[in-house]
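Asker: Counting in the working numbering, the sequence shown tops out at residue 481, every number present. Glycine included, every Cβ here is placed at the ideal spot set by N, Cα and C.
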Amino acid sequence: MRALWRQTRSFSAPTRLLMVNQFAINLAFYMLMPYLAAHLAGPLGLAAWAVGLVLGVRNFSQQGMFLVGGTIADRFGYKAPIMAGCLLRTAGFGLLGAVDSLPALIAASAATGFAGALFNPAVRAYLAAEAGDRRVDAFATFNVYYQAGMLLGPLVGLALLAIDFRTVCAVSAAVFAVLTVLQWRALPDRHGTGAGSTGPAGSVLAQWRSVVANRPFLLFAAAMTGSYVLTFQVYLALPLVAGDSLGVNATKVTTGLFVVSAAVAVAGQLRLTAWAKDRWSPHQALAAGLSCMGLAFVPLAFTPRDSPVMTLVALVAAVVLLAVGGAVVYPFEMDTVVALCDNRLVATHYGLYNTVSGVGITLGNLAVGALWDFAQDHRAAWLTWGVLVAVGFGCAVSVTVLARSGRLAGREVAQAAG
């Protein structure tokens with residue numbers, strides 16, 4: 064904690080505010096969202112398809128609108144979409160606890176999703192601009208607060224559920240209301256660099272064309288998509304194997320694995336980042352972290368299904384390795400995105416990057432689910448884990464190839480080197 068406190072104090076006041084802001088955002092979000100499905104299916108009595116629709120609308124309205132949120136941030140400054148997102152999530156979470164009709168629930172879910180699309184690219188772009196040449200350290204510290212919110216949110220939500228779900232919604236909404244006021248009073252205005260931030264309304268398409276034409280950025284986004292698929296297996300493949308081998312409730316296992324993952328990131332992020340910076344270049348750190356994420360699934364490939372103890376050990380090992388690899392990757396990944404866009408239209412690039420990763424997660428999960436069924440039918444459980452290992456190493460190789468070709472250096476760095 065002392066190291067985190069010292070690191071946090073070394074940054075500017077706006078950077079510190081963004082870190083605390085992200086902790087509170089995740090705290091409020093994760094105190095509610097893990098329990099929303101149970102509320103919809105239980106007290107409200109919605110059918111399974113309706114529950115899936117409400118949750119799907121939230122995910123789509125966030126992942127599908129990241130590019131729009133990033134564009135708004137680059138054109139009108141970072142503060143406005145951060146405030147708007149917090150305000151919109153205040154309304155959305157408050158509405159989730161107050162309504163019971165499907166149309167109203169869909170509207171509330173869409174509002175909470177679009178809120179994330181508004182403030183996520185803006186926060187990251189603001190952080191990158193404010194941190195300057197300390198971007199890697201800033202994103203590492205930022206991730207500690209991010210993961211801490213994820214870790215504490217479900218625990219706070221579980222305690223508030225002892226009262227009722229409406230109380231959870233009210234507290235979550237209140238947190239976002241406080242954040243809205245805090246950003247308004249204490250966060251300075253900040254604008255990004257790029258023609259889109261000051262150009263006329265008709266230049267939005269030109270702004271998007273500029274981002275889409277950034278081939279090295281698109282190649283990097285595609286290369287990193289597999290890392291998000293791997294991370295998501297904490298919610299998909301790992302609970303499946305736990306339910307199959309341990310015979311326990313998948314939701315409980317998911318919660319436990321989730322807590323372990325967040326705790327590892329909170330405890331180890333700063334040390335891992337400092338260690339990686341001392342030994343590797345940014346692209347070597349990315350490759351090492353991605354390889355570690357791939358290796359996370361090796362123990363499961365060699366674990367017999369009829370051994371609950373070995374399965375539990377393999378699951379914990381997988382989660383720890385995924386968390387360690389992700390902690391190594393994240394700050395260098397965020398820094399590389401800024402380098403690839405030459406510090407121009409940063410929020411728009413982050414927005415498109417998030418959209419690409421979101422599409423990758425959806426397609427990857429469909430593939431993993433189909434592969435799991437195939438492997439189970441053919442008594443070849445190792446096949447699922449082998450493919451996931453290959454995904455991790457494939458991402459590492461892709462990043463290495465891009466780096467050696469000079470495509471990840473960024474235009475300014477490449478010109479200086481030439």
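Run through DSSP, which three-state label would Thr134 get?
Answerer: Helix at Thr134.
Asker: Buried or exposed: which applies to Phe92, given that a residue is buried once 16 or more other Cβ atoms fall within 10 Å of its Cβ?
Answerer: When all chains shown are included, Phe92 counts as buried.
Asker: What is the DSSP secondary structure of Met213, reduced to helix, strand or coil?
Answerer: Looking at Met213 - three-state DSSP - the assignment turns out to be helix.
Asker: Excluding the five sequence neighbours on either side, which residues of its own chain have a C-beta within less than 6 Å of the C-beta of Ala377, listed in chain order?
Answerer: Within the same chain, Ala377 has close Cβ partners Pro362, Leu363, Thr366.
Asker: With DSSP as the reference, label Arg72 as helix, strand or coil.
Answerer: Arg72: helix per DSSP, three-state reduction.
Asker: Identify, in the order they occur along the chain, each residue of the same chain with its Cβ nearer than 7 Å to the Cβ of Thr294, setting aside the five sequence neighbours on each side.
Answerer: Closer than 7 Å at Cβ, skipping near neighbours: Leu385, Gly389.
Asker: Expressed to the nearest angstrom, what Euclidean distance is found between the alpha-carbon atoms of Ser266 and Val452?
Answerer: Each residue's alpha carbon lies about 43 Å from the other.
Asker: Rounded to the nearest angstrom, what separates Ala443 and Leu168 at their Cα positions?
Answerer: Taking the straight line joining both Cα atoms gives about 41 Å.
Asker: Quick one: does the C-beta of Pro394 sit closer than 7 Å to a heavy atom of the ligand SAH?
Answerer: The model depicted lacks the ligand SAH and carries no ligand whatsoever.
Asker: Note the first and the last residue of the continuous alpha helix (DSSP H) segment covering Ser461.
Answerer: Unbroken alpha helix (DSSP H) run through Ser461: 445-467.
Asker: Mapping DSSP to helix, strand and coil, what is Phe177?
Answerer: Phe177: helix per DSSP, three-state reduction.
Asker: Between the beta-carbon of Asn406 and the beta-carbon of Tyr209, is there less than 8 Å?
Answerer: Going by C-beta atoms, Asn406 is not nearer than 8 Å to Tyr209.
Asker: Answer with buried or exposed for Phe437, where buried requires no fewer than 16 other C-beta atoms within 10 angstroms of its C-beta.
Answerer: Label assigned to Phe437: exposed.
Asker: Classify Lys142: buried if its beta carbon has 16 or more other beta carbons within 10 angstroms, exposed otherwise.
Answerer: Lys142 should be labelled buried.
Asker: Please state whether the Cβ-Cβ distance between Gly212 and Ala66 is less than 8 Å.
Answerer: Contact: no.
Asker: According to DSSP, is Ile226 part of a helix, a strand, or is it coil?
Answerer: Coil at Ile226, not helix or strand.
Asker: With DSSP collapsed to three states, give me the class of Asn183.
Answerer: Correct three-state label for Asn183: helix.
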